[in-house]
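Positions in the sequence shown are counted from 1; adding 42 to them yields my numbering.
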Amino acid sequence: MKYMASLETFKSLSPAEFFYRNREIAGFSNPSRALYQAVRELVENALDATETHGILPIIRVYIDRTSNPMHYVVSVEDNGIGVPPQFVPKAFGQVLFSSKYKLRQTRGMFGLGAKMAILYGQLTTGRPVEIITSPVKSKRVYFFKLMIDIKNNRPIVLEKASWSKKKEWHGTIVTIALEGDWGRAKSRIIEYIKRVALVTPYAEILFKGPDNSYFYYPRVTTKLPRPPREVLPHPYGVDLEAFKMLIASTQESRLEDFLVKSFQGVGKRTAQDLLRKIGLPLDKSPKKLSLDEIKVLVEEMKKYERFKPPRADPLSPIGAELIVLGLKQILQPEFVTAITRKPAVYEGHPFIVEVGLAYGGAIESSNEPILYRYANKIPLLYDEKSDVLWKIVNELDWRQYNVSFPAPLAVLIHICSTKIPYKGVGKESIADVPEIEREVRNALREVARKLRSYIQKKQKVEETYRKLTTFVKYLPEVALSLEILSINPETKEKHVDREQLIDKLLKVLSKKISEVKVSRDLINKVIVSIE
Ligand code: ADP
Ligand code: MG
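Given below as structure tokens:
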């Protein structure tokens, strides 16, 4: 057999060029999806810049038309911490540059979102991004116009300016022109904003679309979830490479101190115990460890059982109270309940599962539960069926909980973690992780049980009401017949008085009623309704 004898040529790609070529994996696959994704990335940055730092968010989202019917301008404004001017070019012009590569729960985690929207805008409209920002405590406002040098993954600053602040303001406004399809993206974008508002009742959110559609979600509480706190890595969550990076950045000269200072959950005594077990000197310099020693250390750390479990400090759950508030406000159900589970761990990463249930009221009946998925407070709208959460909700035998479909049932599931196991960088669906699955299942059962007792009670009340209605309907007639029967034909004397009998029977009824906790008003209501 003959081979073609030509030689392959080789080259490397900058991260910007890689994501430019593969933008669909970050959610920028077509104009409709790109418009949705751009709104999403900017809103998520706005929320990270506010809520994560203890600021009650005020967020405004505008989408405007341009003279080109295919092009739109998306602008998102927040009252967040702002971006220091020296970091603006890289934060918005260099792919994989972020302030969120930390062990702390944030919506952003890849250092990609804003840049993908900017990149997409740049390649579809040729226009630069505009950023206006003023950091907290800064006396100035900064303006930048920039593009991304895709080949070299570098920002190109086209214009910059700054002026002193006239009024007290801190925050950021990001404006991007991009090709979009509002007609197709509209319903998703509006649903997205609604779902954001649902879990952020402490935020004020305004949305204005290009067709003058207008949504305003006022702040309904000033209670903010506890902001996440940055933590050190846990020994269970660190692999060989991560361990090497920790060694490279440590100032400690003794192995024992290095372990205590670089990890959470490791005290002096556990560090000593572990090192003795492995047979490594406590005072060996971490930088002098051989690769084999590091391998053993990492393996043994994963097996060691006496570390404290990973802390929940870096997490910021929504909290059952706010979930209930949000569900009430947005869905107006007749019944609502929610729980926040205790922190759990997978592969050394802490996570918390929260589940809310809303039933009846303004919720429309459908053939399966309406599912509201959230990860680190981000609503997930696409790829629902490939998400493990969808699978769990639909595998539950709802009949066991007195729900038979079609039913007006909405389920909200929130997972927060320092590492959400997304299936892709577009952050749309969650992969199967047994520990997470188990937690979600338990949480779901817990709230479903509460729903069951509510539905049971409601059914009992309805049943009683039905029985009562029948009984009370015939009561006056029965009483009259008894009165007639009791008349002595000779003396014409009555042994039974109709009115008295009605009173007596009502008393008996009341007793029965109180057993099932139905108020006395009910009987009066029934009498009035049949008269
Ligand atoms: P990520 O959010 O994953 O970090 P982005 O590309 O979306 O990646 O944003 C890059 C960085 O720019 C963020 O880490 C943050 O430091 C900064 N940033 C972006 N938008 C804002 C904003 N609205 N307010 C403050 N900082 C922002
Ligand atoms: Mg982001």
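Backbone N, C-alpha and C define an ideal beta-carbon position, used for all residues, glycine too.
Exposed or buried, which one is residue i when buried takes at least 16 other CB atoms within 10 Å?
i       : result
Ala-485 : buried
Trp-432 : buried
Trp-224 : buried
Gly-213 : buried
Asp-439 : exposed
Asp-545 : exposed
Glu-172 : buried
Met-151 : buried
Lys-132 : buried
Arg-237 : buried
Ile-526 : exposed
His-113 : buried
Asp-90  : buried
Pro-111 : exposed
Tyr-62  : buried
Arg-415 : buried
Ala-284 : exposed
Thr-92  : buried
Pro-323 : exposed
Taking 7 Å as the line, does the beta carbon of residue i fall inside it for any heavy atom of the ligand MG?
i       : result
Asn-87  : yes
Gly-468 : no
Ala-156 : yes
Gly-225 : no
Gly-150 : yes
Glu-477 : no
Glu-83  : yes
Taking 7 Å as the cut-off, does the CB of residue i come closer than this to any heavy atom belonging to the ligand ADP?
i       : result
Val-378 : no
Ser-180 : no
Thr-460 : no
Ile-123 : yes
Gly-153 : yes
Ala-313 : no
Asn-191 : Checking the sequence shown, residue 191 turns out to be Asp, not Asn. Checking every heavy atom of the ligand ADP against the Cβ of Asp-191, none is found closer than 7 Å.
Ser-74  : no
Ser-140 : yes
Asp-425 : no
Ala-449 : no
Thr-214 : yes
Ala-91  : yes
Asp-120 : yes
Ala-133 : yes
Just tell me which of the options has its CA closest to the CA of residue i.
i       : options                            : result
Arg-483 : Leu-248, Val-338, Ile-394          : Ile-394
Asp-13  : Ile-462, Glu-172, Glu-298, Gln-128 : Residue 13 lies beyond the stretch modelled for the chain, which goes from 43 to 573, so this question has no answer here.
Glu-341 : Val-280, Ser-358, Phe-349          : Val-280
Ala-449 : Glu-376, Glu-504, Thr-460, Leu-517 : Glu-376
Ala-68  : Met-158, Ile-320, Pro-131, Asp-439 : Met-158
Ser-141 : His-95, His-391, Asn-121           : His-95
Arg-383 : Pro-463, Val-397, His-391, Lys-310 : Val-397
Pro-126 : Glu-488, Ser-176, Leu-248, Thr-242 : Ser-176
Glu-233 : Arg-268, Lys-209, Tyr-258          : Tyr-258
Ile-192 : Arg-169, Val-199, Val-137, Glu-347 : Val-137
Gly-222 : Thr-51, Lys-499, Lys-427, Ser-74   : Ser-74
Pro-277 : Ile-381, Lys-303, Asn-194, Leu-161 : Lys-303
Val-308 : Lys-286, Leu-274, Met-287          : Leu-274
Phe-129 : Pro-197, Val-241, Thr-379          : Pro-197
Ile-365 : Ala-239, Gln-501, Lys-228, Arg-353 : Ala-239
Ser-495 : Tyr-516, Val-445, Pro-476, Val-467 : Val-445
Pro-311 : Ala-88, Lys-350, Pro-328           : Checking the sequence shown, residue 311 turns out to be Arg, not Pro. Comparing Cα-Cα distances from Arg-311 to each of Ala-88, Lys-350, Pro-328, the minimum goes to Lys-350.
Thr-379 : Glu-488, Arg-353, Ile-405, Ser-295 : Glu-488
Leu-543 : Lys-534, Thr-533, Ser-528          : Ser-528
Lys-208 : Tyr-184, Val-216, Ile-231, Arg-318 : Tyr-184
Arg-107 : Tyr-443, Asp-253, Ile-472          : Asp-253
Leu-423 : Ser-408, Ser-471, Leu-339, Ile-434 : Ser-471
In the DSSP output, which residue or residues are listed as bridge partners for residue i?
i       : result
Ser-204 : Tyr-184
Ala-386 : Phe-393
Lys-250 : Tyr-104, Tyr-256
Val-216 : Val-118, Ile-173
Val-199 : Leu-188
Ile-472 : Tyr-464
Leu-322 : Per DSSP, none; premise fails for Leu-322.
Ser-141 : Ser-141 is not bridged to any residue.
Leu-413 : Val-453
Gly-398 : Ala-380, Leu-454
field: Start-end ranges of the beta strand (DSSP E) lying completely within the segment 53-84, minimum 3 residues
entry: none
- prompt: If you scan the segment 326-391 from start to end, which runs of the alpha helix (DSSP H) of 4 or more residues do you find wholly inside it?
  reply: 333-345, 362-373
- request: Ignoring anything shorter than 4 residues or poking outside the segment 485-564, list the alpha helix (DSSP H) runs there in chain order.
  value: 540-557
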